[in-house]
Structure formats: C-alpha cells, structure tokens
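J.: Please read through the structure below; I'll follow up with questions.
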Amino acid sequence: MIRGFALVIVALLLIGAGDRRSGYDDASPDTRAMQDDDDANPGFLWVKQGENLWSEPDGKAGKSCVSCHGDATSMRGVATHYPAFDGKRGVPITLEQRINFCRTDHMEAPAFAWDDDRLLALSALVGTQSRGMMLAVEPREPFRSEGAALFNERMGQLNLSCAQCHEERAGQRLGGSRIPQGHANGYPEYRLEWQGMGSLYRRLRNCMVGVRAEPFAPDSRETAALMLYLAVRANGMRIETPAVRP
Amino acid sequence: MIARRRFVLLASCAAASRADATVAEVGALIQALVGDAPLKEGLIHLDLPVMVENGNSVSMTVSVTNPPAPVEAIHVFAEGNPLPQVGVFQFGPRSGAARVSTRMRLATSQTVIAIARLRDGSCWRDSVDLLVTLAACIE
Amino acid sequence: MVRVLINVPKQVRSGEAFEVKVLISHPMESGQRRDSQGQAIPRDIINHFVCTLDGETVLDAALFPAIAANPFLSFSVVAEKSGTLALTFTDDQGVTQTEMAAINVV
C-alpha cells in the first residue's frame, strides 16, 4: 500500500515540468522581477508578520508556534505535502486549515477567518520555508477524482469550466495577460489585482464569481476536492511562495 | 520619439473628458515648475514598461546620469490619471545618484512624464507612452 | 506601526554609492475607489518619505495617490563613515514612523 503510494508519487514527479508552466512563466517581465527580488516582493511583508506571530503566545494554553515547533525553519518541506489527508476529519485539509486546527486543538485559540491577514502571514511563513522544493501531494481518493470532475465541469452564468480556460486556452491572452495553466504552486501569493495577499481559496472564489457562479464555501468538500486536485496536478513543480501574480 | 499608440477601451470614453482635463493640468503644473527656463529633452531617463499587465502596480525607475549641475528634484506626472502627480523626489547631500525606483498606479493607457530640475536652473524632460490593460477576472 | 522591510548592504566602502531598498506595508488608499455600496473610500496614503544619514538628507520624497499599494522605494546613498540611516514616513493623518538601519563602512 505504502509502496504503491510512493510509486505513484515518483511517477507524478517524473512527469516533470516539461509541458507545464508556472504562472510565473506567463507573467510579464516586470511582475517576474518583483517576485525575484525578496526586497521588492510585497509578499515578504506578510512573511515578516508571520515571523512575529510565530513566536507570539496566543490562546488560553499560553502557547506560541515555537512551543511545539521550535524555529520556523523546522517547517521546511511541510508545504510540499499540502493539502494533506487529515485522518481525524476524513478530508484533505489545506495548510491554512492545518494552522487553524493547531490553534483550536493545541493553543485553545480561536481559528482565524479564511481571509485574515494573520492566517495569510503564517501560511506565507510556512510556505516559504519550502520555496524551491517540489510539490509532492498525496492524490487521495475519492477526493482527487471529485476535484478533477469539478475542474472539468461547466459552471455559472457564463457556463465555463476551469479546464476551458486553464487547459484548453492556457497560453492565449485574456485582456493583456496570458491565461496561466492555474497551478497552485505559489500560494499565498501577492496579486497585483488584489493589491494584497491572498490564499488559493480567494483565487478560486475570484474565478467562480468571474464566471458568475456561486462560489463554494471555504470549508466545503467541493473546495477541499478541487484544491487537492489542483495540488496533485502541480506535483513536481516548485513552490514559489510568496509568488507575485498580475 | 516613441510613436504614439493608444489602445482605446470602450469604457474609457466616459473618462476621456477627465483625462483631457488632466493633460491640461499636467501642462499647467509643468509650466509652473519650469517657468521661463527652456525645457529640454534628454539627460533624464524614465524607465517604464510599454505594455502594462496590471495598472495597479507599474515599476518605474527615473534617473539623471552625469548631470552638468546637481539635480534638485525629479517630478513625475501621469497624464491619464484622475490626479496628475505621482511623486516629487528631492536629492540631498548624502544621495549617491539622482535616481529612484518605485511602483505606481496607472488608471488607463497614457503618457507618463518626468521632469528634472537642476541647480543651474535647467529643466529636462522624458516621457513614455504606455498601454495599460485591465485584469480579465476582477474580484 | 506599519510593517517595514529595509535592505541595506552588510558592508559598504567609504565614498562608494550603495543601494537602499524599502518596502512599507500600507494600502495607499487613493480616494478614487468606491465600496460595494457606491460610497467613496476616503484617501489614506503615506504622503511624505525622508531618508537621512546621520541627519543629512539622502532623499526627500513627496508621494501621491498614484504610488502603488505597499510602497516600494529603491535609491542610492553614499557614506564616508559608519553611521545610522533613518527612514521617516508620514501619512495623511500626520502620523510619523521612523525606522533605522546601521550603515557599516569598512
């Protein structure tokens, strides 16, 4: 069972980035330059905030992240496995959900709202520890297949599926930008359109509102399935957190 | 001179009259700044991408290399923005070069103008015409 | 207190120009945007930035709403001896914040 799973991961990694393009490759030279310079990348303002929060005790248990995890550098490699299957809850969970569960389960602190800057800051801090490492997410079933089905399903008043833009028309232009393949390898990311930092969920919400569909709720099974599918689809690609995108 | 190519969006028709007002405003501001001194092209260089992916953040570097006299200030204007001024950058004795990089917002396709005023009273000008596109999927 | 990231080289040579980069966490609300109810969101920006080295001016910048959110500035400084770089910025409310960075001349 374990060997089978390991073989699947190796196979996925070997597929490689040959025909796959990161959103970085489709961004303008200016946008890429912003990501390349840690001193100019606004995402690092959130990473810095994350560093401060990491050592701050919060909640009734009086603990900080340091209490259990030590230095943030111990998180190296962690982001490469997310979304990860949570045995207790029976669903794949994202890094942000994992951080929130740490707070409620171990720190006796309230969970952050999905778009809270502090959650993004901690997620950016943990994510960037794996910068440059390859995604190696377990393609847990039936969630992966459910996510694949959602990716290919037409939705909203515009009746478009994710695949129609991000597979069939990836590389073509919409407005002044090239349509990326939609690999979630740089989240949380600084998006120029948002003038701020956002999670993958924010982006998916964006897309769904864009096709005039009712967005999936943040903690829904659909969201979990779709995010898992996107991560597995990007397996073998390198993490760029905090990415900068148009 | 960079050829003028304007990408006119249907939506910008309504903004056209406001943009024209800004062009006039910028003209007046430059006139007030320059006064009687001749405004010459050259010496100052405005580095901006011609094709802008997102108007919310456009990287800009403006520099004056080997000026004949110290540079007092660099003024940057955006002719197509609702408000014409972008920044005024004054260089002091501890400045290593009359150069600054920053990021600005551009509301629409337009001309960005930079004026350098030197201590000898001379004024120099550079401009860039940019195409600013809107994001396809807005939140 | 807003978050600021400052980058200065670890060591610089006397009389040789070096680059300083600063990134400030601030929405730079232009005053041009409207909220979902159609109400104008009031202007709130950092309107003045000054950098000095041991009290002497490096750069004095007046900033306007056209400066992008989370403002970034990169500029050149020259130092003869080790000292302290002070970066001060002021917002529309008149609130001032100063950050310091050590300049180590070898």
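Protein chains in written order, with my numbering: chain A, 87 to 332; chain B, 148 to 286; chain C, -1 to 104.
All C-beta atoms, glycine included, are put in the ideal place defined by N, C-alpha and C.
Remember, predicted model here, so these are calculated numbers, not experimental data.
One question on the structure: do GLU226 (chain B) and VAL181 (chain B) come within less than 7 Å of each other, judged by their Cβ atoms?
T.: no
J.: Distance check for MET(-1) (chain C) and GLN183 (chain A), CA to CA, integer angstroms please.
T.: Spanning the two alpha carbons is a distance of roughly 28 Å.
J.: Classify ASN68 (chain C) as helix, strand or coil using the three-state DSSP reduction.
T.: coil
J.: What residues of chain B sit near SER263 (chain A), judged by a beta carbon separation below 9 Å?
T.: GLU200, ASN201, THR280, ALA282, ALA283
J.: Against chain C, does ALA126 (chain A) count as a neighbour if the rule is that its beta carbon must be under 7 Å from one of theirs?
T.: ALA126 (chain A) has a beta carbon lying within less than 7 Å of a beta carbon in chain C.
J.: Exposed or buried, which one is ILE39 (chain C) when buried takes at least 16 other CB atoms within 10 Å?
T.: exposed
J.: Within the 7 Å Cβ cut-off, does PRO229 (chain B) reach chain A?
T.: no
J.: Give a yes or no on whether the minimum CB-CB distance between SER256 (chain B) and chain A is below 7 Å.
T.: no
J.: Name the one or two DSSP bridge partners that ASN5 (chain C) has.
T.: Paired residue(s): C:LYS19.
J.: So, do the region 159 to 174 of chain A and the region 202 to 219 of chain A have three or more beta carbon pairs nearer to each other than 8 Å?
T.: yes
J.: Going by beta carbon distance, what residues of the same chain come within less than 6 Å of ARG226 (chain A), once the five residues before and after it are set aside?
T.: Excluding residues up to 5 positions away in sequence, PHE171, PRO178 lie with their Cβ nearer than 6 Å to the Cβ of ARG226 (chain A) in the same chain.
J.: Determine the contact status of ARG331 (chain A) and GLU275 (chain A), defining contact as a CB-CB distance below 7 Å.
T.: yes
J.: Please classify TYR276 (chain A): does DSSP put it in a helix, a strand, or coil?
T.: strand
J.: For the alpha helix (DSSP H) containing ASP112 (chain A), list its first residue and its last residue.
T.: 109 to 112
J.: Helix, strand or coil: which one does DSSP assign to GLU226 (chain B)?
T.: coil
J.: Can you give me the Cβ contacts of LEU157 (chain B) inside the same chain, cut-off strictly under 6 Å, excluding the 5 residues immediately before and after it?
T.: For LEU157 (chain B), the predicted structure reports a pLDDT of 37, less than 50, and the residue's modelled location is therefore unreliable. A value from the coordinates is still provided. The answer is none, since no qualifying residue turns up.
J.: Quick one: which chain A residues come within Cβ less than 8 Å of PHE70 (chain C)?
T.: ALA126, PRO128
J.: State the DSSP-derived secondary structure class of MET193 (chain A), mapped to helix, strand or coil.
T.: helix
J.: Leaving out the 5 sequence neighbours to the left and right, which residues in its chain are closer than 8 Å to SER80 (chain C) when beta-carbon positions are compared?
T.: Counting only Cβ-Cβ distances below 8 Å, and skipping sequence neighbours, we find ALA100, ILE101, ASN102, VAL103.
J.: Answer yes or no: do ARG266 (chain B) and ALA216 (chain B) have a C-beta to C-beta separation smaller than 7 Å?
T.: yes
J.: Within a Cβ cutoff of 6 Å, which residues of the same chain sit near GLY234 (chain B), ignoring the five residues on either side of it in sequence?
T.: VAL223
J.: Whole angstroms is fine: what's the gap from ASP203 (chain A)'s alpha carbon to MET283 (chain A)'s?
T.: 8 Å
J.: 7 Å is my cut-off, CB to CB: does VAL104 (chain C) come that close to chain B?
T.: no
J.: Do THR212 (chain B) and ASP194 (chain B) count as a contact pair if the criterion is CB distance below 7 Å?
T.: no
J.: Exposed or buried, what is ALA320 (chain A) when buried is set at 16 or more other beta-carbons lying within 10 Å of its beta-carbon?
T.: buried
J.: Measuring alpha carbon to alpha carbon, tell me which of C:GLN30, C:ASP42, C:VAL75, C:LYS8 ends up nearest HIS24 (chain C).
T.: Residue C:ASP42 is the option with its Cα nearest to HIS24 (chain C).
J.: Can you list, in chain order, the residues of its chain whose CB lies under 8 Å from that of ASP52 (chain C), leaving out five sequence neighbours each side?
T.: For ASP52 (chain C), where only same-chain residues beyond five positions count, the Cβ hits under 8 Å are GLY81, THR82.
J.: Work out the CA separation of ALA197 (chain A) and THR86 (chain C) for me, nearest whole Å.
T.: 36 Å
J.: Helix, strand or coil: how does DSSP classify ASN292 (chain A) here?
T.: Note: ASN292 (chain A) maps to helix in three-state DSSP.
J.: Given this structure, state the Cα-to-Cα distance separating THR180 (chain A) from LEU253 (chain B), to the nearest angstrom.
T.: Counting only the Cα atoms, LEU253 (chain B) lies some 36 Å from THR180 (chain A).
J.: Starting from TRP132 (chain A), follow the alpha helix (DSSP H) in both directions and report where the run begins and ends.
T.: 129 to 140
J.: Flag PRO63 (chain C) as yes if its beta-carbon sits less than 7 Å from any beta-carbon of chain B, otherwise no.
T.: yes
J.: Straight-line CA distance for ASP144 (chain A) to ALA158 (chain A)?
T.: 16 Å
J.: Does any CB atom of chain B fall closer than 7 Å to the CB of SER34 (chain C)?
T.: no
J.: Starting from the C-beta of VAL48 (chain C), find all residues in its chain whose C-beta is less than 6 Å away, skip the five residues before and the five after it, and write them out in chain order.
T.: Taken in chain order, the residues that qualify are ASP58, THR86.
J.: With 7 Å as the limit, tell me which residues of the region 233 to 265 of chain B have their beta carbon closer than that to any beta carbon of chain C; keep them in chain order.
T.: Along the region 233 to 265 of chain B, going in chain order, the ones with a CB nearer than 7 Å to a CB of chain C are VAL233, GLY234, VAL235, PHE236, GLN237, PHE238, GLY239, PRO240, ARG241, SER242, GLY243, ALA244, ARG246, VAL247, SER248, THR249, ARG250, MET251, ARG252.
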